[in-house]
Structures are given as structure tokens and as C-alpha cells.
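Data block below; observations after.
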Amino acid sequence: MRKAIILAALALLAVPGTASSADTAWGIAAFGGPSFPIGQDDNNGSGVTYGVRFPAHFGFFLSVEPHFDWTNGGETEETFNDLPYTRDGIDVKQAGMNFILGNPTGSGFRIYPYVGIGHYSLKGEGREDLQKIGYNGGLGIGFGSKLKLDVRGDYTMIDIGLSSRKAISATAGLGLTINPND
Amino acid sequence: MRTLKTLALVLPLTLCGCLLSTGQTTIDYDLGTIDVTGGDNLVAEQVDLSTNADYEEHKDDLEGVTDLALLGQVTNNLSAGSGTLNVEAWITQDTTNYTTEAQVRANAIKLWGPLVVAPGATVQIDWNESAELFTPWARPLLLSEMKGDGVFTIYLLGTSGLYDFTIENTTLVLTMEAES
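Here the protein sequences line up with chains A and B, keeping their order.
If you're matching positions, the first sequence starts at 9 in the numbering used here and goes up one per residue.
If you're matching positions, the second sequence starts at 13 in the numbering used here and goes up one per residue.
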């Protein structure tokens, strides 16, 4: 799955070189912000998420956006039987694809909802390493021309078989539209 | 196009609704202070999870055990010059009352360890280290117990030779996957 997503991402990046490049806008953005686990007694420390996205818009309402994310889970402090303990959070790597209603590569002020799917790798000290499929969705607000700033609120849920790991994040991103179409 | 837009908005909300209903809940079971003065004087720590309110609340929705930890403060009561202590935890799936190391090794299943403690030293068990000391079969075994009657017995013992140790504030921590 991970290879398929990476291949899809590379294929999308190759699109501007094809005959349809006149209608295709694409760019690159780096982003980062806090991430907060939801409903997890064993992993409730807030962490940091960051990564890189490659938005591409093909001239109609839908844009696609391959992305690669890293989330460093925060530590959890707990007391059991009067003794304090510190536990490392879960670190997550993700390779995924967002499907965006709208054009994040366009100029001006834009609001765009999106959903996505990705391959998640979860790792934590003393925990079982997991490779799972997850889903995300949220809302982005962007503005700028070729150089863009965007802010997103994102909800992620990773299907770990019997239940799920969930988190919300708020990220700010700085992007560059390399090949605009507006 | 309108249908596609509607689907794109409704689908994540639907998925959120499904998967928000499950989560990880931690239960901790107090095992108190455990004194082990030798291989012929073990302590049977009988566990009854039904006395834990969180377990009772979630046991019918229990889907898995994501994480485990055995916590506490271990003192090796033997002085410097004696052997290093290697603590292990063993489990029987019923209520038992073994008192010797030979009985436990013959009839129980190794759950955790070894935790190494120098002679005369006191160490607080580190959470991450403790989680890594569980045997590969500990998780399915404890899940089976939790889905069953929640009653089992834990023994703490040394690996070899003479040993004498005390574990204070001993706690078994189980993180359940359950509907929240």
C-alpha cells in the first residue's frame, strides 16, 4: 500500500510534464502544528505533526494532494499507586493522499474541505509496531498568490483492527504554487 | 457533481461517528506490597478484576489489550556482594496458592521479566522498560482472562539462587480497547 501511494504521488508530480500541463496547477507546501490524541488513556500527551504536501489541481472542482507526515507523540505523565510514571507517546509516519473540494493552488482566499486515506506506521517504546490504513478529513483555509499560507484543522483515525487511534491537529503551512493555472 | 460533493462531506462524518465510539481505557490493579524472602516462600497475588470499576464498566465491550505494564518500586534486600536480583512474574489462569518456585515453574506461565536489580538497590520500575519485559504470549493470555472471569494469580520470583526482595506500590496496568 505504501509503495502504491508513493507511486501515485510520483505519478501526480509527473503530470505537469504531460500534454495536459496547461490545465494542471501544482505546488509544494511544508506544514506543522500541534496534534492531540482523542480517547486514548495510554497515549494522551499532545505532540507535534509536520510534513510536506504536493497539491495538484486539474481544472475542475477536485484537487489531489499526496503528502508525507510525521507525528511525534508527546509524553504521558501518570501516577499509579502514589508513584509517578512517564510514558512515551506513539510516533506515527504517514504516506497519504488527500482529495480536496476546491483548488488549494489557486490565488486569493480559499476554503476547502478534504478527505484522505493513507498508510500509517505507528511506533512506541514497549508497544507493538503497527502498519495500518487510516483516514483523515478536515477543513483548510488558504490565501496568497504564488506563495501561500494555509491553516488546516484535521481529524485522523487509524484503523488498528479492533478499534482505532484518533487525533486532531491544527497545522499552518507555507506553500509555493510552481505551476499556476489561474 | 453535486452527489460527489455531498458524498465527500458525508463520508468522513459517517466514519468519524463509527470510529469515535471505540478507544483505549487504562485500568490499574493494586497488588500492594509483595515480600518474597526466597524460592520456598513465594506470595500468591490473587487478582479479581471484577473489583475494578473501569473493568466492570467496559468488560462487555472489550475488544483487545493494547498495552501492559507491571509497575512498582523494587528493593533487592540482599546486601552488596550477593547476587544480582532478576525478578520475573508468572501467572496461573485460576486461583492458586503455590509457595515454591518449583511449583510455579512447573504449573504457571511466565508473564514478565527479568527485571535486573543490583544488590542492596531500590529501583522504580520504568514504564517503558516494564512494557518491553512482557512475554509475547502475555497479551493474548491476559486478554483471554479479561474476557473470561477476570480471576487469575500472579507470582513474583527470582531467576536463580538466593533472593530476597520487596516490591512496594505494585500495580498491574492493562490498557483495554473498548467502546467508550
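Beta carbons: idealized from backbone N, C-alpha and C, even for Gly.
Residue i and residue j closer than 8 Å at C-beta
i: B:F164; j: B:D72; result: no
i: B:P131; j: B:L74; result: no
i: A:L157; j: A:L182; result: yes
i: B:D60; j: B:T111; result: no
i: A:G8; j: A:D96; result: Past the boundaries of the shown model lies residue 8 of chain A; chain A is included only from 9 to 190, so the question cannot be answered.
i: B:L193; j: B:I103; result: This structure does not reach residue 193 of chain B, given that chain B is present from 13 up to 192, and the question cannot be answered.
i: A:V159; j: A:Y128; result: no
i: B:T85; j: B:I166; result: Just to set this straight, residue 85 of chain B is Gln in the shown sequence, not Thr. No, these two residues do not count as a Cβ contact at 8 Å.
i: A:A180; j: A:T164; result: no
i: A:T113; j: A:F66; result: no
i: A:G152; j: A:Y122; result: no
i: A:L130; j: A:I166; result: yes
i: B:T78; j: A:D137; result: no
i: A:N111; j: A:S71; result: yes
i: B:G162; j: A:S171; result: no
Which of helix, strand or coil DSSP assigns to residue i
i: A:K174; result: strand
i: B:E75; result: strand
i: B:L90; result: coil
i: B:W139; result: helix
i: B:A20; result: Residue confidence for B:A20 is low, a pLDDT of 47 falling below 50, so the modelled location carries little weight; the figure read from the coordinates is stated next. Looking at B:A20 - three-state DSSP - the assignment turns out to be helix.
i: B:N181; result: strand
i: B:S156; result: helix
i: A:S153; result: coil
i: A:G41; result: strand
i: B:E69; result: helix
i: B:G173; result: coil
i: B:N55; result: The displayed chain sequence assigns Val, not Asn, to residue 55 of chain B. Three-state DSSP puts B:V55 in coil, outside helix and strand.
i: A:N144; result: strand
i: B:R151; result: helix
i: B:N119; result: helix
For residue i, the nearest candidate out of the options (CA to CA)
i: A:R173; options: A:P92, A:N111, A:Q48; result: A:Q48
i: A:L102; options: A:R61, A:F151, A:G146; result: A small fix is needed here, since residue 102 of chain A is Gln in this sequence, not Leu. If we check each option's Cα against that of A:Q102, A:R61 comes out closest.
i: B:E144; options: B:L80, B:D66, B:N64; result: B:L80
i: B:D42; options: B:V135, B:A190, B:V185; result: B:V185
i: B:L155; options: B:H70, B:T45, B:A65, B:E57; result: B:H70
i: B:G95; options: B:S172, B:V55, B:E57; result: B:S172
Residue i versus residue j - alpha carbon distance
i: B:D47; j: B:F177; result: 6 Å
i: A:W34; j: A:N144; result: 21 Å
i: A:I36; j: B:E189; result: 38 Å
i: B:L169; j: B:V99; result: 6 Å
i: A:G81; j: B:A133; result: 33 Å
i: A:P42; j: B:V135; result: 34 Å
i: B:N140; j: A:I149; result: 39 Å
Exercise. Can you give, in chain order, each stretch of the beta strand (DSSP E) that sits fully within the region 82-129 of chain A and has at least 3 residues?
Worked result: 84-88, 91-95, 99-109
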